Amino acid sequence: MQNSDLMNDAGLELALQELETLEAPGFWSGVVAGFEATAAVVAVAVGSAAVYTAVASVIVAT
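For the sequence shown, counting from 1, position 10 maps to 10 in my numbering; every step adds exactly one.
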């Protein structure tokens with residue numbers, strides 16, 4: 001086996017080890033929880049922007 005083959009095999013092994021994390025129990029449930037939290041923050045931000053717009057339009061109208 002040549003030295004370049006060993007380096008390629010080492011790179012492949014490292015890549016496969018990185019993929020093993022995706023198989024870990026609870027990994028995807030943590031990802032889903034993160035997306036849900038992000039969606040909640042975005043919803044609050046949108047609601048806040050709507051309230052700000054409504055209040056600003058009332059202030060400008062008066």
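Ideal Cβ positions, reconstructed from N, Cα and C, are used throughout, including at glycine. Keep in mind that this is a model prediction, so the values were computed, not measured.
Taking the Cα positions, valine 60 is about 16 angstroms away from alanine 49.
In the three-state reduction of the DSSP assignment, alanine 56 falls in the helix class.
For the pair alanine 37 and leucine 12, the Cα-to-Cα distance works out to about 35 angstroms. Taking the Cα positions, alanine 54 is about 20 angstroms away from valine 41.
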